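A quick write-up on the structure given underneath.
In the numbering used here, the protein residues as written are 14 to 500.
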């Protein structure tokens, strides 16, 4: 007797094409031991009728399972679970019960929420998602990315796909960063001064691990990226802050005794202020005089659509005091998790060793796919398309903000993908965000960006990278109405 078709159910929580979901459904049945070797599967016609899908979809799923030796075909008799299919585990499941481990005592160090803010996984289901750093599928060049991924899977690139680089990186990607990406920011670097990382946050973590300890002091901007403060708190180093205004951080207020300063000079996070040229020069002079290093997080330089981006702080550095952090995750897609560090060779050598001790190197296939996407011109075309779209969205957003009398607290000089906003005094934007969710509006409250208790609660961030242009005005109207009705 074949396995009854009505014992098959598609899990609504699974993702992917119908073919992939059917394939996963059958494979999980075999792996769990529900379907045993030699048992006959429902015919493709019967299973298709039960699931309400086309017969060809089921046939294609069976074909993939056949290729992976989960099932076998016996002429006209149909499909059967293969004798060579993976066997389910033979050990019994442990009964659930109360743990006898006192985890509050056992855990040696505690980590605060890395991002300091909540970003719902289902953000795309909201009609007005003013949240930062997500990919708009209407803008991303998925077709050419897929072709580059297939090219990277080819025989010619078999080594880059399968090799253990140990502590090395894909030479094609490093070459592109050195010859194309960095010169656009005014930076010249040799391959031994570049390290590929798992995104900018991984680059910041590696930098902190190499440069800081409990006897050294770090300084961050206030407000600043919450995940950076989390990293530095874990390091148990001394931690100070320096205020920012409309022109970026104030060099003369950097605390005495700073060993490492972390800054976002091109697009200050979150205010989007750009550090003026005069302050950049003053900052470099102060770093030389007081003997501290500067970590420049240039996370969004590609998004400069209002005018050409200013040169990177590192391009002005003549004494090797600036360590530069770049990322492809913002300009391509956040799930890529690919960034890079640029610094003096002795620093990169230590960061490379630290990376190797934790994860060896980022996956070779991801590196080679990215290298192809960059070198074949797809990346530049994508940046142009995104810049045009963001510029249009920014104009609509600015007009809506002006129409409803909302207040911009930080206005980017060069572009970017977000606006730093200020609500009236007394407004708690955490509560505001909670109310707006009920109207399918997502905003980012600003409290988590500030370092100190008692910081203002009335700031929030509106990002426009993921919201369609034709929904921006209505979303801003709902925000304005919520602010008026807060009492």
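Where a beta carbon is used, it is the ideal one built from N, C-alpha and C, also for glycine. Just so it is clear, the structure is predicted and the values come from calculations on it, not from any experiment.
- For the region 114–192, the continuous alpha helix (DSSP H) assignments of 4+ residues that do not extend past its boundaries occur at 116–119, 155–165, 171–175 and 184–189, in sequence order.
- Here the alpha carbon of residue 413 sits roughly 55 Å from the alpha carbon of residue 81.
- Rounded to the nearest angstrom, the gap between the Cα atoms of residue 79 and residue 43 is 13 Å.
- Here the alpha carbons of residue 277 and residue 137 stand approximately 28 Å from one another.
- Secondary structure of residue 474 (DSSP, three-state): strand.
- Across the set 450, 294, 232 and 377, the C-alpha of 377 shows the shortest separation from the C-alpha of residue 180.
- With contacts defined by Cβ atoms closer than 8 Å, residue 145 and residue 454 do not form a contacting pair.
- The continuous alpha helix (DSSP H) containing residue 298 extends over residues 290–303.
- The alpha-carbon separation between residue 374 and residue 336 amounts to approximately 20 Å.
- Here DSSP, grouped into helix, strand and coil, assigns residue 343 to coil.
- The three-state secondary structure of residue 251, taken from DSSP, is strand.
- Scanning the region 323–374 for uninterrupted alpha helix (DSSP H) segments of 4 residues or longer gives 326–329 and 358–371, listed from N- to C-terminal end.
- Here residue 366 has 180 as same chain residues with Cβ atoms under 7 Å from its own Cβ, once five neighbours each way along the sequence are excluded.
- For residue 57 and residue 100, the gap between their C-alpha atoms comes out near 24 Å.
- Excluding five sequence positions before and after residue 313, the CB atoms of its chain that fall closer than 6 Å to its own CB belong to 280, 343 and 429, given in chain order.
- Rounded to whole angstroms, residue 418 and residue 258 show a C-alpha spacing of 22 Å.
- Taking the C-beta atoms as reference points, residue 434 is found nearer than 8 Å to residue 475.
- In this structure, the straight-line span from the alpha carbon of residue 21 to that of residue 38 is close to 8 Å.
- Per the C-alpha coordinates, the member of 52, 484 and 463 positioned closest to residue 242 is 463.
- With fewer than 16 other beta carbons inside 10 angstroms of its own, residue 47 counts as exposed.
- One alpha carbon belongs to residue 431, the other to residue 423, and they sit about 10 Å apart.
- Residue 266 is positioned such that its CB atom lies closer than 8 Å to that of residue 256.
- According to the DSSP secondary-structure assignment, residue 234 is paired through a beta bridge with 255.
- Residue environment for residue 211: buried (at least 16 other C-beta atoms within 10 angstroms of its C-beta).
- Residue 81 carries a coil assignment under DSSP once its states are collapsed to helix, strand and coil.
- Measuring C-alpha to C-alpha distances from residue 272 to each of 36, 368, 307 and 293 identifies 307 as the nearest.
- Judged by DSSP secondary structure, residue 312 falls outside any alpha helix (DSSP H); it is assigned neither H nor E.
- Three or more Cβ pairs drawn from the region 58–71 and the region 15–33 lie within less than 8 Å of each other, which places the two stretches in contact.
- The secondary-structure analysis by DSSP pairs residue 458 across a beta bridge with 473.
- Using a Cβ-Cβ distance cut-off of 8 Å, the region 209–224 and the region 397–413 are not in contact, since fewer than three pairs of beta carbons, one from each stretch, lie closer than that value.
- Boundaries around residue 274 are those of the beta strand (DSSP E), 273–276, since no alpha helix (DSSP H) includes it.
- The beta carbon of residue 27 sits closer than 7 Å to the beta carbons of 34 and 37 from its chain, once the five residues preceding and following it are set aside; these are given in chain order.
- The alpha-carbon separation between residue 186 and residue 380 amounts to approximately 6 Å.
- One Cα belongs to residue 469, the other to residue 460, and the distance between them is close to 7 Å.
- With a 10 Å radius around the Cβ and a threshold of 16 neighbouring Cβ atoms, residue 487 comes out exposed.
- For the options 19, 284 and 274, the alpha carbon positioned closest to that of residue 420 is the one of 284.
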